[in-house]
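Chemist: The sequence shown lines up with residues 1 to 506 when you count with full-length UniProt numbering. For each residue, glycine too, the CB sits at the ideal point set by N, CA and C. Since the structure is predicted, the reported quantities are computational estimates derived from the model, not experimental observations. Here it is, the structure, as structure tokens.
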Amino acid sequence: MMLQFHNIHKQVKDTTLFKIDQLKINQGDKIGLIGKNGCGKSTLLKMIAHIDTSYSGVITNPFQTKYVPQLKEITIQSGGEQTKSYLLDAFNSNNALLLLDEPSTNLDINNIKWLINQINQFQGTMIIVSHDRSLLNQTVQKIIEIEEKKLNIYTGNYDDYDEQKKKQYEQQLKEYEQYQKKINQLQQESIERNKHASNFKKRKKNISISDYKVNSRMGAYDSQEKAIAKSSKVLQKRIEQIEKVEKPLSDKQFKIKAIGKLKHTGATLIHLDSFTVSVENHLIFQSGIFKLVQGDKIAITGSNGSGKTTFIRQLIEKQINGYYKPNLKIGYFAQNLTTLDEQKSILENVRSTSVQADMLIRNVLAALGFDYSRLNQIVKFISGGERVRLQIIKLLLGDYDMLILDEPTNFLDVSTLQALEHFLKDYPGSFLIVSHDEQFINNTTKNKFVIKQQQLLDDTKQKEYQTTDSSHLQLLEYKLEQMILDPDINIQDVIKLKKKIENLKK
Numbered sequence: 001m002m003l004q005f006h007n008i009h010k011q012v013k014d015t016t017l018f019k020i021d022q023l024k025i026n027q028g029d030k031i032g033l034i035g036k037n038g039c040g041k042s043t044l045l046k047m048i049a050h051i052d053t054s055y056s057g058v059i060t061n062p063f064q065t066k067y068v069p070q071l072k073e074i075t076i077q078s079g080g081e082q083t084k085s086y087l088l089d090a091f092n093s094n095n096a097l098l099l100l101d102e103p104s105t106n107l108d109i110n111n112i113k114w115l116i117n118q119i120n121q122f123q124g125t126m127i128i129v130s131h132d133r134s135l136l137n138q139t140v141q142k143i144i145e146i147e148e149k150k151l152n153i154y155t156g157n158y159d160d161y162d163e164q165k166k167k168q169y170e171q172q173l174k175e176y177e178q179y180q181k182k183i184n185q186l187q188q189e190s191i192e193r194n195k196h197a198s199n200f201k202k203r204k205k206n207i208s209i210s211d212y213k214v215n216s217r218m219g220a221y222d223s224q225e226k227a228i229a230k231s232s233k234v235l236q237k238r239i240e241q242i243e244k245v246e247k248p249l250s251d252k253q254f255k256i257k258a259i260g261k262l263k264h265t266g267a268t269l270i271h272l273d274s275f276t277v278s279v280e281n282h283l284i285f286q287s288g289i290f291k292l293v294q295g296d297k298i299a300i301t302g303s304n305g306s307g308k309t310t311f312i313r314q315l316i317e318k319q320i321n322g323y324y325k326p327n328l329k330i331g332y333f334a335q336n337l338t339t340l341d342e343q344k345s346i347l348e349n350v351r352s353t354s355v356q357a358d359m360l361i362r363n364v365l366a367a368l369g370f371d372y373s374r375l376n377q378i379v380k381f382i383s384g385g386e387r388v389r390l391q392i393i394k395l396l397l398g399d400y401d402m403l404i405l406d407e408p409t410n411f412l413d414v415s416t417l418q419a420l421e422h423f424l425k426d427y428p429g430s431f432l433i434v435s436h437d438e439q440f441i442n443n444t445t446k447n448k449f450v451i452k453q454q455q456l457l458d459d460t461k462q463k464e465y466q467t468t469d470s471s472h473l474q475l476l477e478y479k480l481e482q483m484i485l486d487p488d489i490n491i492q493d494v495i496k497l498k499k500k501i502e503n504l505k506k
């Protein structure tokens with residue numbers, strides 16, 4: 001059995017979204033579906049699931065299918081709990097084809113590991129839309145990219161796809177340079193022949209009538225003039241017949257200048273001595289010294305519910321006792337927080353808080369997915385995913401002492417995510433990122449903190465904690481083995497110890 005596509009043409013408002021001439025997906029295939037925001041990834045999943053039937057062509061789907069959407073119904077559950085609930089339902093459904101749209105959204109690192117394990121154990125066919133490169137590297141055997149309204153198939157995981165794309169780019173660049181060289185040679189030759197023709201006409205004007213008559217009878221001038229004109233036309237025809245090779249698109253890199261508040265290097269922005277984070281007298285976690293200096297790039301990780309968002313909100317509101325730089329200005333991004341004026345244009349929204357040059361603003365917007373032709377579009381009419389992206393750009397280009405970004409990678413496509421990584425690497429200011437995307441964290445931050453067992457641990461303390469944790473864990477596991485062997489042991493004590501061991505392993 002296989003999933004088959006034949007002569008598919010999908011349009012949205014009379015505009016072609018994508019076309020598929022022929023495509024076959026075999027039983028047991030695990031495929032990563034990628035492409036820029038708005039290219040039609042979610043739409044394609046809905047078409048396979050028979051939710052969207054407004055297209056021409058034939059999709060043959062012989063499988064019992066389960067579709068897990070990215071945007072889910074609003075419930076009292078947290079984002080992570082809701083995502084896991086949907087995923088559990090899908091994995092327990094006995095369907096032969098699973099369609100997962102951004103399945104790692106809102107999941108913490110432990111639950112992402114659980115998800116990867118579930119995907120790898122699943123025996124059926126699976127198509128996964130994801131911007132999580134680490135997840136794709138550990139789960140899929142093929143990548144399908146929607147690019148320029150076509151579907152392109154690559155064998156292997158995300159890194160394999162990335163390597164193939166680089167080779168394609170290098171090959172196309174080589175062919176483009178050869179094409180340009182050939183065109184330039186022929187054009188130069190054509191110019192030389194036209195010059196020769198021009199010089200010939202001048203010589204023809206300067207000869208005497210008697211000489212012209214003698215040579216004209218012999219056909220010398222006319223035949224030479226015709227030959228030059230003919231050779232010039234032949235060259236022009238050769239230029240027109242050469243198959244055009246397009247220049248491959250490359251991502252331009254733009255650096256944000258250290259002006260405004262960004263030019264104050266080395267200043268201490270926040271210094272907190274030993275402190276606790278609590279909500280209504282309930283301890284969330286405790287910490288030793290926490291210091292943030294201009295230029296620091298910090299990541300904070302931890303399980304869902306460990307207190308990451310509570311901590312950064314208390315930092316912003318200066319609820320934790322300590323030193324905060326006078327007039328400290330923090331740019332804050334969160335999924336459910338909007339800083340955009342819906343009645344203004346994309347460009348006006350970014351300009352309103354930026355001290356960067358107008359050309360840089362335009363270039364950064366273009367590099368992060370807002371084409372120059374769209375900059376005057378009113379924010380009210382752009383998609384939810386585009387608003388998320390615009391808020392991040394507005395913060396990056398804003399005049400702030402530091403940025404706090406809470407899960408900035410949700411709703412970004414892979415290419416935009418990589419562009420954001422480049423900007424954050426070169427960002428001249430400070431930022432604190434909360435994210436479950438390990439690759440994104442590794443590519444953008446220098447210092448990492450984790451909230452574990454109600455403690456905020458830096459890199460050094462994490463290593464010490466892991467060593468202590470490991471020894472303690474071994475001791476508890478040995479104790480559990482002894483308890484199980486004891487026929488008189490209280491079963492509730494065994495259950496409590498098992499739970500303690502599970503918590504330590506998280």
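Report the partner residues of T416 according to the DSSP bridge assignment.
Modeler: Reading the sequence shown from its first residue, position 416 is the one you call residue 416. DSSP output for T416 lists no bridge partner at all.
Chemist: So for A299, helix, strand or coil by DSSP?
Modeler: Residue numbering aside, residue 299 sits at position 299 when the sequence shown is read from its first letter. Three-state DSSP puts A299 in a strand.
Chemist: What is the C-beta distance between I19 and K149, in whole angstroms, given that I count them as a contact (C-beta under 8 Å)?
Modeler: In the sequence shown, the residue the question calls residue 19 occupies position 19. In the sequence shown, the residue the question calls residue 149 occupies position 149. The displayed chain sequence assigns Lys, not Ile, to residue 19. That pair is a contact at about 6 Å.
Chemist: Are the beta-carbon atoms of K142 and T155 separated by less than 8 Å?
Modeler: Residue mapping note: residue 142 aligns to position 142 of the sequence shown, counting from 1. Residue mapping note: residue 155 aligns to position 155 of the sequence shown, counting from 1. Against a cut-off of 8 Å, the Cβ pair of T155 and K142 comes out as a contact.
Chemist: Just to confirm, are K291 and T268 a CB contact at a threshold of 8 Å?
Modeler: Here residue 291 is taken as the residue at index 291 of the sequence shown, counted from 1. Here residue 268 is taken as the residue at index 268 of the sequence shown, counted from 1. Yes.
Chemist: Looking at C-alpha atoms only, which residue of D401, Q178, K195, N152 is the closest neighbour of I31?
Modeler: For the purposes of this step, residue 31 is taken as the residue at position 31 of the sequence shown. Checking every option, the nearest Cα to that of I31 belongs to N152.
Chemist: Between the alpha carbons of R217 and I239, how many angstroms are there, rounded?
Modeler: Numbered from its first residue, the sequence shown carries residue 217 at position 217. Numbered from its first residue, the sequence shown carries residue 239 at position 239. Unreliable positioning characterises R217 in this predicted model, as indicated by a pLDDT of 46, which lies under 50. A coordinate reading is not provided.
Chemist: So what does DSSP say about S42, is it helix, strand or coil?
Modeler: As a position in the sequence shown, residue 42 is number 42, starting the count at 1. Of the three classes helix, strand and coil, the one that applies to S42 here is helix, per DSSP.
Chemist: Along the chain, where does the beta strand (DSSP E) containing G32 start, and where does it finish?
Modeler: One-based indexing of the sequence shown puts residue 32 at position 32. Residues 30-35.
Chemist: Kindly indicate which three-state DSSP category I128 falls into: helix, strand or coil?
Modeler: Numbered from its first residue, the sequence shown carries residue 128 at position 128. In this structure, I128 counts as strand in the three-state DSSP scheme.
Chemist: Whole-angstrom Cβ separation of Q454 and Q319, contact assumed at under 8 Å?
Modeler: Within the sequence shown, residue 454 is the residue found at index 454, counting from 1. Within the sequence shown, residue 319 is the residue found at index 319, counting from 1. Actually they are not in contact, since the Cβ atoms of Q454 and Q319 sit about 18 Å apart, beyond 8 Å.
Chemist: By the 10 Å Cβ neighbour count, where 16 or more other Cβ atoms means buried, how is A419 classified, buried or exposed?
Modeler: As a position in the sequence shown, residue 419 is number 419, starting the count at 1. Label assigned to A419: buried.
Chemist: Tell me the residue span of the alpha helix (DSSP H) that contains F311.
Modeler: Indexing the sequence shown from 1 puts residue 311 at position 311. 308-316 is the extent of the alpha helix (DSSP H) around F311.
Chemist: Only counting the same chain, and skipping five residues up and downstream in sequence, which positions put a Cβ closer than 7 Å to that of V350?
Modeler: The residue labelled residue 350 in the question sits at position 350 within the sequence shown. Excluding sequence neighbours, V350 sits near I361, L365, I393, K394, L397.
Chemist: How many angstroms separate the CA atom of I48 from the CA atom of L3?
Modeler: Here residue 48 refers to the residue found at position 48 when the sequence shown is read from its first residue. Here residue 3 refers to the residue found at position 3 when the sequence shown is read from its first residue. Approximately 9 Å, taken between the alpha carbons.
Chemist: Note down, in chain order, each residue of its chain lying with its Cβ closer than 8 Å to the Cβ of G302, except the 5 sequence neighbours on either side.
Modeler: Position 302 of the sequence shown holds residue 302. Contacts found: D108, K308, V450, I451, K452.
Chemist: Within 10 Å of its beta-carbon, does K261 have 16 or more other beta-carbons around it, so buried, or fewer, so exposed?
Modeler: As a working mapping, residue 261 is identified with position 261 in the sequence shown. When all chains shown are included, K261 counts as buried.
Chemist: Excluding the 5 residues preceding and the 5 following L97 in the sequence, name in chain order all residues of the same chain whose CB lies nearer than 8 Å to its CB.
Modeler: Numbered from 1 along the sequence shown, position 97 holds the residue referred to as residue 97. Closer than 8 Å at the Cβ level, and outside the excluded window around L97, lie L3, I48, N61, F63, Q64, T65, K66, G124, T125, M126, I127.
Chemist: Helix, strand or coil for K394? Go by DSSP, reduced to three states.
Modeler: Locating residue 394 in the sequence shown gives position 394, counting from the first residue. If DSSP states are grouped into helix, strand and coil, K394 belongs with the helices.
Chemist: Name the DSSP bridge partner or partners of G79?
Modeler: To locate residue 79, count along the sequence shown from 1; it is residue 79. According to DSSP, G79 bridges with nothing at all.
Chemist: Can you name, in chain order, every residue of its own chain whose Cβ lies under 7 Å from the Cβ of L328, other than the five neighbours on each side?
Modeler: Position 328 of the sequence shown, counted from the start, is the residue given in the question as residue 328. These residues qualify, in order along the chain: L269, D401.
Chemist: Counting C-beta neighbours from all protein chains within 10 Å, is the total for H131 16 or more, i.e. buried, or is it exposed?
Modeler: Taking the sequence shown and counting its residues from 1, one reaches residue 131 at position 131. It counts as buried.
Chemist: Spatial neighbours of D160 within its chain, please: C-beta separation below 6 Å, excluding the five flanking residues on both sides.
Modeler: As a first step, residue 160 must be located in the sequence shown, where it is residue number 160. Counting only Cβ-Cβ distances below 6 Å, and skipping sequence neighbours, we find nothing.
Chemist: So, helix, strand or coil for I285, using DSSP?
Modeler: Your numbering for residue 285 matches position 285 in the sequence shown. With the sequence shown as reference, residue 285 is identified as Phe, and Ile is not the correct amino acid for it. Reduced to three states, the DSSP call for F285 is strand.
Chemist: My output table needs one value for F423: the three-state DSSP class, helix, strand or coil.
Modeler: For the purposes of this step, residue 423 is identified with residue 423 of the sequence shown, where counting begins at 1. Helix at F423.
Chemist: Who are the Cβ neighbours of K380 in its own chain at under 8 Å, not counting the five residues just before and after it?
Modeler: Residue 380 sits at position 380 when you count from the first residue of the sequence shown. Once the five neighbours on either side are set aside, the close Cβ partners of K380 are E342, Q343.
Chemist: Run the CB neighbour count on E246, radius 10 Å, all protein chains shown included, and call it buried at 16 or more, exposed below.
Modeler: Against the sequence shown, residue 246 aligns to sequence position 246. Classification for E246: exposed.
Chemist: When you compare each of L485, L473, P487, D488 to K499 by their alpha carbons, which one comes out closest?
Modeler: Residue numbering aside, residue 499 sits at position 499 when the sequence shown is read from its first letter. Here the closest residue by C-alpha is L473.
Chemist: Please list the terminal residues of the continuous alpha helix (DSSP H) segment that includes N443.
Modeler: Reading the sequence shown from its first residue, position 443 is the one you call residue 443. Segment 438-444, the alpha helix (DSSP H) holding N443.
Chemist: Where do the N-terminal and C-terminal ends of the alpha helix (DSSP H) with N447 fall, by residue?
Modeler: Walking along the sequence shown from the start, residue 447 turns up at place 447. Unbroken run through N447 is the beta strand (DSSP E), 447-452; no alpha helix (DSSP H).
Chemist: In terms of alpha-carbon separation, which member of G305, E477, I495 lies closest to G79?
Modeler: Position 79 of the sequence shown, counted from the first residue, corresponds to residue 79. Looking at the Cα atoms, G305 is the closest of the given residues.
Chemist: Any idea what DSSP makes of N410, helix, strand or coil?
Modeler: Residue numbering aside, residue 410 sits at position 410 when the sequence shown is read from its first letter. It is coil, neither helix nor strand.
Chemist: Quick check: the Cα distance between T83 and D29, rounded to an integer number of angstroms?
Modeler: As a working note, residue 83 is residue 83 in the sequence shown. As a working note, residue 29 is residue 29 in the sequence shown. Approximately 23 Å between the Cα atoms of the pair.
Chemist: Starting from S134 and walking both ways along the alpha helix (DSSP H), at which residues does that stretch end?
Modeler: The sequence position of residue 134 within the sequence shown is 134, counting from 1. Residues 133-139.
Chemist: Can you give the beta carbon distance from L432 to I404, rounded, assuming they're within the 8 Å contact cut?
Modeler: Residue mapping note: residue 432 aligns to position 432 of the sequence shown, counting from 1. Residue mapping note: residue 404 aligns to position 404 of the sequence shown, counting from 1. Their Cβ separation, rounded to whole angstroms, is 5 Å, which keeps L432 and I404 in contact under 8 Å.
Chemist: Can the beta-carbon of G295 be found closer than 8 Å to that of S430?
Modeler: Translated into the one-based positions of the sequence shown, residue 295 becomes position 295. Translated into the one-based positions of the sequence shown, residue 430 becomes position 430. For G295 and S430, yes; Cβs fall inside 8 Å.
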